[in-house]
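Residues 298 to 452 in this note's numbering are what the sequence shown lists, from first letter to last.
No residue lacks a Cβ here, since even glycine has one placed at the ideal position from N, Cα and C.
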Amino acid sequence: MSDMPAYKWVAIFRDRRLSQFDEKGKVHYFNEEVLPYADQLLSFWLVGPRTIGVCLKTGDFQIDDLSLPFRLAQHVDVEYPIEGPLRPIFFRRTTRQLDSVTGREVAKPYYVYAIGWQATVQIPILAADKKRYEPKEVNVKHILYVHPDGTLVFG
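Below is the structure:
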């Protein structure tokens, strides 16, 4: 079994580009080398069987050669404009199939990658006195799940 992931990430900052694996094989870590600099991040990409990116200025997703715009945050049935910075989301879920007696792995792991963004938006909620609305901060996420066969699921 190969230790190399099917998808590798690439982070595009204002002044540099960082790949998960550099030309010398050094591994760079998202939580240590991307997240602390999220305010400088322009876009984030997964490169593998498909090329999938998210623009952290507009919220648009790029899937192969197709652009999908996501400029609004939806909460319940109302859409609100995003006015604050977009924060990157990236993680990988691993499903392993183990033999119930030996505990040994009986199949290759199944990896699902998640790429997207989140932002804090203010929505109006009815105040306790029920006579006025007050702003409430809500975290909104747009996540694209990438399966090994190339299937994409928005969540």
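Pro385 and Ala424 have their C-alpha atoms spaced approximately 32 Å apart.
If you draw a straight line from the Cα of Leu338 to the Cα of Lys323, it is about 21 Å long.
For the 8 Å CB-CB criterion, Val437 and Val418 form a contact. The Cβ neighbour count for Leu343, taken over all protein chains shown within 10 Å, is at least 16; the residue is labelled buried. For Phe318, there is no enclosing alpha helix (DSSP H), as DSSP marks it with neither H nor E. Going by beta carbons, Leu365 and Trp414 fall outside the 8 Å limit. The alpha helix (DSSP H) runs lying completely inside the region 305-364 and spanning 4 residues or more are 327-330, given in chain order. Cα atoms of Phe358 and Gly400: separation of roughly 40 Å, rounded to the nearest angstrom.
Leaving aside the five residues that flank Arg389 on each side, the residues in its chain whose CB is nearer than 6 Å to its CB run, in chain order, Tyr408, Tyr410.
If you draw a straight line from the Cα of Tyr326 to the Cα of Tyr442, it comes to about 20 Å. Of all alpha-carbon atoms in Phe451, Trp306, His444, the one lying nearest the alpha-carbon of Leu332 is that of Trp306.
A distance below 8 Å between beta-carbons, with the five flanking residues on each side excluded, links Tyr334 to the following residues of its chain, in chain order: Phe310. When rounded, the separation of the alpha-carbon atoms in Asp426 and Ile379 is 28 Å. Rounded to whole angstroms, the separation of the alpha carbons of Glu329 and Phe451 is 26 Å.
Assigned with DSSP and collapsed to three states, Ile440 falls in strand.
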